[in-house]
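Q: Handing you this structure, nothing more for now.
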Amino acid sequence: MRAALLFYLGAVFVFVFAPIVASVVFSFNSDRFPSIPLGSFTLHWYETAFAEESPIWEAFRNSLIVSVCAAALSTLIGFATAYTDYRYGFRFKAGYIALALLPPTVPLIILALAMLAWLSQLGLSGTLTGIIVAHTVLGAPFAMAVTRLRLSQMDPSLEAAAWNLGASEWGAMRHVVLPFCLPAIISAFCLTAAVSFDEFAVAWFVSGLNKTVPVAILEILQGNVDPQINAIGTVVFLTSMALVTVAQLLLMAKGRKT
Amino acid sequence: MSHSSTTYKYTWRLPLLIWQAAFFVVPLIFLVVMSFWLVKNYRMQPDFVLKNWDKMFSRGYFWDAYWLTLGRATLAAIIVSLIAFPASFALAFKVSDTTRRWAIFFLIIPFFTSYLVRVYAWQVILAEQGVINALLDTVGIGSVTMLNSGFGAMIGYLTLTLPLVVILQTFSLAAVDRNLIEAAWNLGCGRARTILSVIVPSAKIGLILGAVFCFILSFGDFVAPYYLGGSKPPTLSILIIDTTKSGQQWPRAAVVAVCMIVTLFTVAFAAIALAYGRPKK
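Line order of the protein sequences matches chains A and B.
Numbered according to numbering that gives the first Met the number 0, the first sequence spans residues 0 to 257.
Numbered according to numbering that gives the first Met the number 0, the second sequence spans residues 0 to 280.
Okay, structure coming up:
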């Protein structure tokens, strides 16, 4: 019974990771329509996808700008919200927290349409700023959750002690709270950068001509089978996995220290 | 609290309120407002007419898409929950704490990696000449069409939601009181009965939450039905894309979106009532 369950568990993991592994394997495979047995090893798809004049460079540049800006804003807002929740009680706090955590539960396609319509009223549709604005809405809840977890491990008397020793609120924030939260803040930054780097629905609706990487992938997908996607996809996977792994390791490490 | 200054307090409290009001709440409200506007000469004009609602509700394809989406999302919630359960059960009861932590770690990774690329990989794997059919061929089964069907879409929904559902189920199963299970065993409860009448009811909240998240994600997803499900007949999400992108009819797309939100709210509230409601006995 135990063996059967563990085997089943293994099968579930195979299913979850099969597309990720397959995409990496196919990216080095010479066949246009990969199957078993595999063709020969090649770097052709990487060379085509990342050729000097390839439009993908522009997309990577856009994605980089968007994810760094969106991650920075999300982390700022997320931290401020987490700190508010940690330190203060006030009327309508439940509503405040609900508002903070709600965005990821709205289907992206609906958010995409709402964003497109609203941002074009503001004259922001078709700009990178528009995508950054939308991705910050999506990222802030994750940043808030991650920093809130860290704050809940902080002894509330720590901040009070700093005040009693003569620190101002701002001083205590700078010398006590922020250093304590730093691993979570970096972790939140990485996670929200990964969220933004992979988000395609809102970016697709809002981006116009300023495509990000996932939007470029989406447009290649609408054409024919093109193994370039595997090459681009592998790079994208490695980027987001690196970000998520750094984020998680930072979060796990903190658990051990306290 | 002599230390509490108002400036300090609001510095931390306001950013979220301002940002989410301006770029989350208002866009959603605007979506509803927009559904009463009219498009003239390819431009939206403020108005208050029911024409868009009337147009969408009187079309057969809207209702076909609605029931298809609802049916698929419900089916996905059931299938994914059932597929996830034995795996979550194994993670909760049959492995060490360390293994469980690592397993959760690995299950979080796909959640933040490109869903698009994973779906593309499935497209290649499941193709007529793909890996699965090559494998089937070696055991003498002819080529099976898996793409552009409900089956293909379901593989997509599984890819999107399975890790999350396993995580939620595992947390709730791991939190079930072990004494309760011991007691059931000691009282002569068989394995199946222990699971069904002790473990499942105790872990109810997490199991329902998992199914609801699966429903919400599948209901709104357009990638799986489009690239693995063959896009025809369209789901509501595909209808939104078509209406927005090629039709330039944003107000009509907004009608579809509002219908989706209403449905999701209804399902989410019903599920919460079910999860936190009192047991019948």
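Built from N, CA and C at the ideal position, the CB exists for glycine as well.
Source: prediction; values computed, not measured.
1. Can you tell me where the alpha helix (DSSP H) holding residue 120 of chain A begins and where it ends?
2. Determine the burial state of residue 10 of chain A: buried for a count of at least 16 other Cβ atoms within 10 Å of its Cβ, exposed for fewer.
3. Comparing the C-beta of residue 55 of chain B with each C-beta of chain A, is any distance below 8 Å?
4. Compare the C-beta of residue 87 of chain A against all C-beta atoms of chain B and say whether one is closer than 8 Å.
5. Return the Cβ separation of residue 66 of chain A and residue 236 of chain A in integer angstroms, given the expectation that the two are a contact with Cβ distance under 8 Å.
6. So residue 134 of chain B contacts chain A; which residues on that side make the cut at Cβ distance below 8 Å?
7. Where does the unbroken beta strand (DSSP E) through residue 221 of chain A begin, and where does it stop?
8. So which residues on chain A does residue 61 of chain B lean against when the C-beta distance must stay under 7 Å?
9. Over the uninterrupted beta strand (DSSP E) stretch that includes residue 39 of chain B, give me the two end residues.
10. Using 8 Å as the limit for Cβ to Cβ distance, is residue 248 of chain B near chain A?
11. Is the CB of residue 49 of chain A under 8 Å away from at least one CB in chain B?
12. Taking the alpha-carbon positions, what's the residue 218 of chain B to residue 95 of chain A distance?
13. Tell me whether residue 210 of chain A is buried or exposed, calling it buried when 16 or more other Cβ atoms sit within 10 Å of its Cβ.
14. Report the option in A:110, A:249 and A:227 whose CA atom is closest to the CA atom of residue 42 of chain A.
15. DSSP puts residue 43 of chain B in a beta bridge; with which residues?
16. At a Cβ threshold of 8 Å, is residue 66 of chain B touching chain A?
17. Strictly below 7 Å CB to CB, what residues from chain B border residue 1 of chain A?
18. I'd like to know if residue 168 of chain A contacts chain B, where contact means its C-beta is closer than 8 Å to some C-beta of that chain.
19. Exposed or buried, what is residue 89 of chain A when buried is set at 16 or more other beta-carbons lying within 10 Å of its beta-carbon?
20. Whole angstroms are fine: how far does the CA of residue 125 of chain A sit from the CA of residue 199 of chain B?
21. What in chain B is Cβ-close to residue 188 of chain A, meaning under 8 Å?
22. Going by DSSP, name the residue or residues bridged to residue 40 of chain A.
23. With DSSP as the reference, label residue 232 of chain B as helix, strand or coil.
24. Going by C-alpha to C-alpha distance, which of A:81, A:78, A:69 and A:98 sits closest to residue 16 of chain B?
25. Check the Cβ-Cβ distances between residue 4 of chain B and every residue of chain A, and say whether any is below 8 Å.
26. Look up residue 73 of chain A in the DSSP assignment and say whether it is helix, strand or coil.
27. With burial defined as no fewer than 16 other Cβ atoms inside 10 Å of the residue's Cβ, what is the status of residue 165 of chain A: buried or exposed?
28. Answer with yes or no whether the minimum CB distance from residue 98 of chain A to chain B is below 8 Å.
29. Buried or exposed, going by whether 16 or more other CB atoms sit within 10 Å of the CB of residue 117 of chain B?
30. At least one CB of chain A closer than 8 Å to the CB of residue 130 of chain B: is that the case?
31. Kindly list the residues whose CB is nearer than 6 Å to the CB of residue 81 of chain A, restricted to its own chain and excluding five residues on each side of it in sequence; keep chain order.
32. Can you pull the chain A neighbours of residue 35 of chain B, defined as C-beta to C-beta under 7 Å?
33. Tell me whether residue 259 of chain B is buried or exposed, calling it buried when 16 or more other Cβ atoms sit within 10 Å of its Cβ.
34. Rounded to whole angstroms, what is the Cα-Cα separation between residue 106 of chain B and residue 13 of chain A?
35. Using a Cβ-Cβ distance under 8 Å, would residue 102 of chain A count as near chain B?
36. Under 8 Å, Cβ to Cβ, is there at least one residue of chain B near residue 179 of chain A?
A: To lay it out plainly:
1. Unbroken alpha helix (DSSP H) run through residue 120 of chain A: 107-120.
2. Counting Cβ neighbours within 10 Å, residue 10 of chain A comes out exposed, since fewer than 16 surround it.
3. Output row for residue 55 of chain B: interface = no.
4. Output row for residue 87 of chain A: interface = yes.
5. That belief does not hold up - the Cβ atoms of residue 66 of chain A and residue 236 of chain A are roughly 15 Å apart, past 8 Å.
6. Within 8 Å Cβ-Cβ: 35.
7. Looking at the DSSP string, residue 221 of chain A is not in any beta strand (DSSP E); the run it does join, the alpha helix (DSSP H), is 212-221.
8. Going along chain A, no residue has its Cβ under 7 Å from residue 61 of chain B, so there is no contact; the nearest lies around 16 Å.
9. Start and end: 37-39.
10. Output row for residue 248 of chain B: interface = no.
11. Among the residues facing chain B, residue 49 of chain A is not included, as its CB has no counterpart in that chain under 8 Å away.
12. Distance between the alpha carbons of residue 218 of chain B and residue 95 of chain A is about 27 Å.
13. Residue 210 of chain A is buried by the Cβ-count criterion.
14. Of the listed residues, the one whose Cα sits closest to residue 42 of chain A is A:227.
15. According to DSSP, residue 43 of chain B bridges with B:38.
16. No, its Cβ sits nowhere closer than 8 Å to a Cβ of chain A.
17. Within 7 Å Cβ-Cβ: 93.
18. Using a CB distance cut-off of 8 Å, residue 168 of chain A counts as an interface residue toward chain B.
19. Exposed is the call here.
20. Distance between residue 199 of chain B and residue 125 of chain A, taken at the CA atoms: about 49 Å.
21. Neighbours of residue 188 of chain A on chain B: none; closest Cβ ~13 Å, over 8 Å.
22. Under DSSP, residue 40 of chain A shares a beta bridge with A:28.
23. Reduced to three states, the DSSP call for residue 232 of chain B is coil.
24. When each option's Cα is compared against that of residue 16 of chain B, the closest is A:98.
25. With 8 Å as the cut-off, residue 4 of chain B counts as an interface residue toward chain A.
26. DSSP, reduced to helix, strand and coil, places residue 73 of chain A within a helical segment of the structure shown.
27. By the 10 Å Cβ count, residue 165 of chain A comes out exposed.
28. Closer than 8 Å to some Cβ of chain B, the Cβ of residue 98 of chain A qualifies, so yes.
29. Around the C-beta of residue 117 of chain B, 16 or more other C-beta atoms lie within 10 Å, and the residue is accordingly described as buried.
30. True, the Cβ-Cβ gap to chain A drops below 8 Å.
31. Excluding residues within five positions, the ones whose Cβ falls inside 6 Å are 143, 146, 147 and 150.
32. From the beta-carbon of residue 35 of chain B, no residue of chain A is found nearer than 7 Å; the closest lies around 13 Å away.
33. Classification for residue 259 of chain B: buried.
34. Going from the Cα of residue 106 of chain B to the Cα of residue 13 of chain A covers about 11 Å.
35. The beta-carbon of residue 102 of chain A is placed less than 8 Å from the nearest beta-carbon of chain B.
36. The Cβ of residue 179 of chain A sits no closer than 8 Å to any Cβ of chain B.
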